[in-house]
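A.B. asks: Residues 3 to 90 (my numbering) make up the sequence shown, in order.
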Amino acid sequence: MTSPRRLSTSLGVAAVVVDARGEFCPVPVIRTSDAVKALPPGGTVLVIADDPAIEFDLPAWARSAGQECSLVRIDGRDFHYAVKKRAP
């Protein structure tokens, strides 16, 4: 579920949360991409996922898409990433 909650991350305040727990790659990456596209430059998405592939897939997507990605924390099986939209 994508939520409008605002949460602080290492890349700023997240305007959108993509809760992709229970989903498998590439779904979390696709949902993150859609959320980032909807943000203005400088906007941040917090991604929460429990698929271990997210450790590799999300940073790889961010690099290829020209976005900034940072691991915020690991909480049990949940990975929390911040993705910041860079200016075009």
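Cβ coordinates follow ideal geometry from the N, Cα and C atoms, glycine included.
For LEU33, count the other beta carbons within 10 Å of its own beta carbon; 16 or more makes it buried, fewer makes it exposed. Which is it?
C.D. replies: According to the sequence shown, residue 33 is Arg rather than Leu. Around the beta carbon of ARG33, a 10 Å sphere encloses 16 or more other beta carbons of the protein chains shown; the residue is thus reported as buried.
A.B. asks: Can you tell me the Cα-Cα spacing of LEU48 and PHE81, whole angstroms?
C.D. replies: 10 Å
A.B. asks: Tell me the DSSP bridge mates of LYS86?
C.D. replies: Per DSSP, THR46 and GLU70.
A.B. asks: Within its chain, find whatever has a CB closer than 6 Å to the CB of ASP59; leave out the 5 residues flanking it on each side and keep chain order.
C.D. replies: CYS27 and VAL31
A.B. asks: Taking the C-alpha atoms as reference points, what is the distance between GLY45 and VAL74?
C.D. replies: 16 Å
A.B. asks: For a test of the three-state rule: what should DSSP assign to ALA55, helix, strand or coil?
C.D. replies: Coil, per DSSP.
A.B. asks: Classify ARG75 as helix, strand or coil using the three-state DSSP reduction.
C.D. replies: strand
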